[in-house]
Amino acid sequence: MKRLSRLDKFVDKLTDALEDEKQRESALKKLASLTLTMEIYERFEISALVSVLIDSGLCTEICKQLLQKIEMVAKQESAGRKRKREQSSSSDEEEEPVCKKENSVPQDEEQLEEEEQLEEKEQLEENRQVQQEVVRAVRRSKRQRVPKKIWENP
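Using full-length UniProt numbering, read the sequence shown as starting at 1 and increasing by one per residue.
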């Protein structure tokens with residue numbers, strides 16, 4: 001069973017309200033005011049519901065606005081995906097060829113292992129030095145000392 005987020009539950013209530021004649025217009029206005037992802041529009045089949053309402057002749061202006069918004073979101077997301085693909089393909093072209101990458105991997109791993117070993121050794125040395133300093137530190141009593149004059153006989 002898939003858990004729904006609060007937004008999913010809210011959108012689900014709005015899509016249920018689209019079917020009710022009394023709440024339809026307010027639900028459409030609310031859906032038009034929200035900024036949702038294309039995934040949510042597809043999951044709850046909002047565009048299909050809106051197109052059915054337009055075909056039946058109910059709430060045409062708000063429905064058309066909502067459909068335009070859904071199309072705009074779809075275009076923005078597809079443009080974003082195209083940009084990501086272009087960036088990844090351009091970065092792949094700028095990098096070294098695959099054969100060079102494969103050869104350089106073992107050297108990189110060896111260097112990383114050596115660096116890790118050096119760091120571990122340094123940490124161990126630092127810990128030893130700190131322990132030695134603690135042992136060398138003079139411990140003083142925390143209670144107050146009584147002056148000698150009190151103990152002398154009067």
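We put the CB at the ideal spot given by N, CA and C, even for glycine.
Counted within 10 angstroms of its Cβ, other Cβ atoms place residue i as buried (16 or more) or exposed
i, result
"L124", "exposed"
"A48", "exposed"
"F10", "exposed"
"V130", "exposed"
"residue 158", "Here the chain covers residues 1 to 154 and nothing more, so residue 158 does not appear."
"L7", "exposed"
"L18", "buried"
8 Å contact criterion, which residue i and residue j should meet: CB distance rounded
i, j, result
"I62", "T15", "15 Å between Cβ atoms; not a contact."
Inter-residue spacing [alpha-carbon to alpha-carbon] between residue i and residue j
i, j, result
"E109", "Q65", "56 Å"
"S5", "V52", "27 Å"
"R24", "K75", "27 Å"
"N127", "Q107", "30 Å"
"R85", "S78", "11 Å"
"V73", "K29", "17 Å"
"R83", "L31", "28 Å"
"R119", "R43", "Strictly speaking, residue 119 in this sequence is Glu, with Arg absent from that position. Roughly 51 Å separates the two Cα atoms."
"E21", "K69", "22 Å"
"S56", "S33", "23 Å"
"R81", "V50", "26 Å"
Quiz item: Can you give, in chain order, each stretch of the alpha helix (DSSP H) that sits fully within the region 7–85 and has at least 4 residues?
Solution: Whole alpha helix (DSSP H) segments, 4+ residues: 24–33, 38–43, 46–56.
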